[in-house]
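S.K.: There's a structure below that I have some questions on.
Chains as they are written, first to last, in the working numbering: chain H, 6 to 377; chain W, 6 to 377.
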């Protein structure tokens with residue numbers, strides 16, 4: 006039976022459902038917020054892994070799309086999105102060869118560098134291929150993951166400026182360690198501290214080269230906070246489009262912030278076994294709902310008192326929070342907010358796109374599995 | 006560049022590598038162990054998600070293949086494997102319709118039942134389609150996930166025996182809660198306790214129907230233990246073929262048991278960022294190495310003192326365990342035993358199959374993403 010036209014609760018499970026109205030609201034809201042602050046938005050596709058969704062973000066006003074890996078950029082370019090920023094260093098000869106092939110198709114492709122050896126490898130292959138490439142200096146503002154320390158950034162920038170194959174476009178300063186700090190005031194302090202360091206580097210760079218016009222940073226957890234940094238030119242948020250239980254918990258930690266972005270993404274799962282005391286077994290386990298970032302939330306209003314927990318690779322359990330709680334019957338379909346959207350989406354091949362609870366489209370998650 | 010013929014350390018990363026000799030050794034060893042005990046082997050494909058590997062298991066002597074979900078069974082049948090047991094209850098009309106379609110192509114298909122309502126739904130659709138189906142009664146011997154309580158098993162069995170569409174073939178009694186108990190003696194006690202309950206049910210069933218010839222149970226963690234149960238007819242182990250850090254930790258908890266099965270599956274990952282103190286950043290994160298079941302292990306003999314930890318969706322960190330530890334340089338490729346093989350494999354599309362460190366083949370993980 007074809008999915009389009011069906012009520013979402015009639016879909017075979019487990020499956021990912023995307024509420025088009027909520028998605029649209031999220032996209033418009035972030036775009037408007039960013040524009041009102043005089044900034045640009047370059048949303049991250051690593052979250053949704055879907056080029057159709059990336060195109061919606063571009064249509065809403067985004068200046069480009071971020072990809073975490075070269076293989077993701079390949080899929081985006083293949084889908085007709087030329088202006089992709091690869092946000093991780095492309096550091097091996099093999100991977101740079103893939104980047105070169107892509108650069109021929111997408112001359113607006115951009116990436117980051119965080120090490121002189123990385124710059125050298127890029128230059129060699131660019132020279133061999135007769136190509137040029139725009140790059141940002143990736144700054145490590147406290148996460149310790151990728152990026153050069155701010156104190157060494159100018160030295161690396163000079164190395165890039167000395168190259169006739171690379172064009173320095175600015176900096177990237179993503180603070181992955183800040184995004185999930187629960188308390189807003191703590192998150193604010195940590196985020197601004199890091200970005201102020203980055204801003205100082207950016208000002209220095211701008212005095213050195215006119216081509217340095219991009220200061221790209223931030224994520225869903227600190228988006229609102231970071232817009233106050235005058236030097237910042239664009240945001241790299243990703244999860245705002247779909248949301249998950251992890252970000253909702255943070256968004257709602259302070260009443261004032263609650264519900265800026267709505268959970269547009271949900272998972273449907275079916276009760277497949279009963280008779281196990283105060284819990285029932287559902288068909289979404291580790292391989293459906295990625296086990297990271299807190300517990301999924303049950304949305305069905307008729308079951309307000311159920312707690313999801315993982316129950317192996319293939320199953321989950323819905324446990325009654327208190328005695329006397331009504332348990333769903335065998336065959337009941339439950340709707341959950343997923344715990345961590347990025348790796349959960351990466352386990353599926355398609356979104357069932359709905360409007361008012363009816364399936365209106367099916368979108369391929371074409372960047373799925375692209376971890377290279 | 007084509008992968009076949011390359012040294013595995015030249016592959017683009019992150020990627021999954023399968024050592025064909027170790028795999029073959031694991032397959033032969035489990036098969037020989039099971040046969041020596043007078044039992045059969047019905048390996049679980051939920052672990053490796055690869056029909057080519059399932060065919061190797063059949064060639065080694067397995068009597069059939071287990072699938073956790075109907076969608077996995079579809080892929081196995083499509084690949085030419087007709088004798089599949091679906092080990093989870095197929096409990097909704099939608100899913101049973103898929104099972105019916107598959108049954109037309111694969112008349113030896115078998116599944117389990119654990120509830121009278123489930124039996125009724127199956128019967129209705131079987132009658133409508135003019136088909137018959139072999140089933141096992143799924144027993145809950147303490148896990149509380151799927152299965153009927155042993156005390157209610159005979160009542161459910163009578164319901165199946167009364168059906169002219171279903172043929173009762175025996176029981177299934179999988180104790181997922183037992184497989185990872187660290188201490189061998191505790192694991193042994195827990196496993197035998199559960200299986201003795203199941204054996205009592207099986208003996209009763211055999212007096213009721215000649216068709217009841219299957220008592221299917223066990224997993225990699227309890228395989229050796231469970232073979233002493235006289236009534237047991239077959240094992241459902243899966244992870245033994247590939248192994249992971251989680252099972253290795255258990256296997257090696259007692260010296261006597263150590264290294265029954267070797268890690269045939271590994272992941273390759275590359276250092277993509279350095280200069281972050283006593284750690285380096287690699288390109289395998291949550292979306293490559295599933296974060297479950299303990300930490301992956303670094304195999305490279307030149308780096309005996311590195312500890313892997315997750316560092317977000319796209320990255321991992323390799324941390325020096327002590328001062329003065331040599332850290333790998335930018336671009337170095339590391340080989341890791343994955344933490345939990347099942348969900349890790351489910352994040353990839355192919356295995357790079359090697360012999361003596363050289364790629365000899367590429368196998369499609371054709372059951373990947375099949376969580377329905």
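All residues carry an ideal CB built from backbone N, CA and C; glycine is no exception.
1. Evaluate the contact criterion for the segment 337-356 of chain W versus the segment 364-374 of chain W: three or more CB pairs, one atom per stretch, below 8 Å.
2. Would residue 97 of chain W pass as an interface residue toward chain H - the criterion being a Cβ-Cβ separation below 8 Å?
3. Residue 320 of chain W CB to nearest chain H CB: under 8 Å?
4. Residue 74 of chain H versus chain W: which residues are under 7 Å apart at the beta carbon?
5. What does a CB cutoff of less than 6 Å around residue 324 of chain W pick up in its chain, not counting 5 residues either side in sequence?
6. Taking Cβ-Cβ distances shorter than 8 Å, what residues in chain H pair up with residue 356 of chain W?
7. Residues of the segment 279-297 of chain H in Cβ contact with chain W at a cutoff of 9 Å, in chain order, please.
8. Within the continuous beta strand (DSSP E) that includes residue 116 of chain H, where are the two ends?
9. Hey, would you say residue 143 of chain H sits closer than 8 Å to residue 177 of chain H, going by beta carbons?
10. Pair every Cβ in the segment 291-308 of chain W with every Cβ in the segment 336-354 of chain W, then say whether three or more of these pairs are closer than 8 Å.
11. Residue 55 of chain W bridges to which residues according to DSSP?
12. How many angstroms separate the CA atom of residue 379 of chain H from the CA atom of residue 288 of chain W?
13. If you count every other CB in all the chains shown that lies within 10 Å of the CB of residue 85 of chain W, and 16 or more means buried, which is it?
14. Hey, does residue 153 of chain W have any beta-carbon neighbour from chain H nearer than 8 Å?
15. Can you have a look at residue 6 of chain H and say buried or exposed, based on whether 16 or more other CB atoms are within 10 angstroms of its CB?
16. Can a CB atom of chain W be found closer than 8 Å to the CB of residue 18 of chain H?
17. Using a Cβ-Cβ cut-off of less than 9 Å, give me the residues of the segment 183-217 of chain H that come near chain W, in sequence order.
18. For residue 278 of chain W, which residues in the same chain have their Cβ closer than 6 Å to its Cβ, ignoring the five residues on either side in sequence?
19. Going along the segment 106-120 of chain W in order, which residues come within less than 8 Å of chain H, judged by CB to CB distance?
20. Hey, would you say residue 336 of chain W sits closer than 8 Å to residue 97 of chain H, going by beta carbons?
21. What does the alpha-carbon distance come out to for the pair residue 328 of chain W and residue 92 of chain H?
22. Is there a Cβ of chain H sitting closer than 8 Å to that of residue 94 of chain W, yes or no?
23. Rounded to a whole number of angstroms, what is the C-alpha to C-alpha distance between residue 174 of chain W and residue 224 of chain H?
24. Have a look at residue 78 of chain W and residue 112 of chain W and give me their C-alpha separation to the nearest angstrom.
25. Could you tell me whether the segment 18-33 of chain H touches the segment 246-257 of chain H, where touching means 3 or more Cβ pairs closer than 8 Å?
26. On the criterion of 16 or more Cβ atoms from any shown chain inside 10 Å, does residue 321 of chain H qualify as buried, or is it exposed?
27. Of the residues W/38, W/341, W/372, which one's Cα is nearest the Cα of residue 22 of chain W?
28. Under the three-state reduction of DSSP, which class applies to residue 360 of chain W: helix, strand or coil?
29. Can you name the start and end residues of the alpha helix (DSSP H) that residue 83 of chain H belongs to?
30. Classify residue 217 of chain W as helix, strand or coil using the three-state DSSP reduction.
31. Quick one: what's got a C-beta closer than 8 Å to residue 47 of chain H's C-beta in the same chain, skipping five residues either side?
32. Quick one: list the residues of chain H neighbouring residue 351 of chain W, beta-carbon separation under 7 Å, in chain order.
33. Please go through the same chain and pick out, in chain order, the residues whose beta-carbon is closer than 7 Å to the beta-carbon of residue 87 of chain W, but skip the five residues on each side of it.
34. Leaving aside the five residues before and after residue 211 of chain H along the sequence, list all residues of the same chain whose C-beta is less than 7 Å from its C-beta, in chain order.
35. How is the alpha helix (DSSP H) around residue 178 of chain W delimited, first residue to last?
36. Using only alpha-carbon positions, find the residue among H/280, H/202, H/198, H/109 that is nearest to residue 148 of chain W.
M.R.: This is what the structure gives:
1. yes
2. Position 92 of the second chain holds residue 97 of chain W. Cβ-Cβ to chain H under 8 Å: yes for residue 97 of chain W.
3. Here residue 320 of chain W refers to the residue found at position 315 when the second chain is read from its first residue. So yes, residue 320 of chain W belongs to the interface.
4. One-based indexing of the first chain puts residue 74 of chain H at position 69. Those within 7 Å of residue 74 of chain H in chain W are 319.
5. Residue 324 of chain W sits at position 319 when you count from the first residue of the second chain. Cβ within range, chain order: 284, 312.
6. Numbered from its first residue, the second chain carries residue 356 of chain W at position 351. Ordered by position in chain H, no residue passes the 8 Å Cβ test against residue 356 of chain W, which lies about 13 Å from the chain.
7. 279, 280, 281, 282, 284, 286, 288, 289, 290, 291, 292, 293, 295, 296, 297
8. Locating residue 116 of chain H in the first chain gives position 111, where the first residue counts as 1. Looking at the DSSP string, the run of the beta strand (DSSP E) that includes residue 116 of chain H is 115-118.
9. Stepping through the first chain from its first residue, residue 143 of chain H is reached at position 138. Stepping through the first chain from its first residue, residue 177 of chain H is reached at position 172. Yes, these two residues count as a Cβ contact at 8 Å.
10. yes
11. Residue numbering aside, residue 55 of chain W sits at position 50 when the second chain is read from its first letter. In the DSSP output, where bridge partners are listed per residue, residue 55 of chain W has none listed.
12. Residue 379 of chain H lies beyond the residue range present for chain H, which begins at 6 and ends at 377; the question has no answer from this structure.
13. Position 80 of the second chain, counted from the first residue, corresponds to residue 85 of chain W. Exposed: under 16 other Cβ atoms inside 10 Å.
14. By one-based count along the second chain, residue 153 of chain W stands at place 148. Closer than 8 Å: yes.
15. For this step, residue 6 of chain H is matched to residue 1 along the first chain. Exposed is the call here.
16. Stepping through the first chain from its first residue, residue 18 of chain H is reached at position 13. Residue 18 of chain H counts as touching chain W.
17. none
18. Taking the first residue of the second chain as 1, we reach residue 278 of chain W at position 273. 286, listed in sequence order.
19. 119, 120
20. Counting from 1 along the second chain, the entry for residue 336 of chain W is found at position 331. Counting from 1 along the first chain, the entry for residue 97 of chain H is found at position 92. Against a cut-off of 8 Å, the Cβ pair of residue 97 of chain H and residue 336 of chain W comes out as a contact.
21. Mapped onto the second chain, residue 328 of chain W falls at position 323. Mapped onto the first chain, residue 92 of chain H falls at position 87. Residue 328 of chain W and residue 92 of chain H: Cα-Cα distance of roughly 31 Å.
22. Position 89 of the second chain, counted from the first residue, corresponds to residue 94 of chain W. At least one chain H Cβ lies under 8 Å of residue 94 of chain W.
23. What you label residue 174 of chain W is simply residue 169 of the second chain in a count that begins at 1. What you label residue 224 of chain H is simply residue 219 of the first chain in a count that begins at 1. Taking the straight line joining both Cα atoms gives about 55 Å.
24. Here residue 78 of chain W corresponds to residue number 73 of the second chain, with the count starting at 1. Here residue 112 of chain W corresponds to residue number 107 of the second chain, with the count starting at 1. Distance between the alpha carbons of residue 78 of chain W and residue 112 of chain W is about 12 Å.
25. yes
26. Walking along the first chain from the start, residue 321 of chain H turns up at place 316. Its Cβ being crowded by 16 or more others within 10 Å, residue 321 of chain H is buried.
27. Here residue 22 of chain W refers to the residue found at position 17 when the second chain is read from its first residue. Here the closest residue by C-alpha is W/341.
28. In the second chain, the residue the question calls residue 360 of chain W occupies position 355. Residue 360 of chain W: strand per DSSP, three-state reduction.
29. Translated into the one-based positions of the first chain, residue 83 of chain H becomes position 78. Here the alpha helix (DSSP H) through residue 83 of chain H covers 75-83.
30. To locate residue 217 of chain W, count along the second chain from 1; it is residue 212. Coil at residue 217 of chain W, not helix or strand.
31. For the purposes of this step, residue 47 of chain H is taken as residue 42 along the first chain, with counting starting at 1. Result list for residue 47 of chain H: 67, 68, 69, 70, 71, 90, 221, 239, 240, 241, in chain order.
32. By 1-based counting over the second chain, the position of residue 351 of chain W is 346. What residue 351 of chain W touches in chain H: 292, 352.
33. The count along the second chain starts at 1 and reaches residue 87 of chain W at position 82. Excluding residues within five positions, the ones whose Cβ falls inside 7 Å are 111, 113.
34. Translated into the one-based positions of the first chain, residue 211 of chain H becomes position 206. Excluding sequence neighbours, residue 211 of chain H sits near 217.
35. Stepping through the second chain from its first residue, residue 178 of chain W is reached at position 173. Premise fails: residue 178 of chain W lies in the beta strand (DSSP E), 171-178, not in any alpha helix (DSSP H).
36. Working through the second chain from its first residue, we reach residue 148 of chain W at position 143. Per the Cα distances, H/280.
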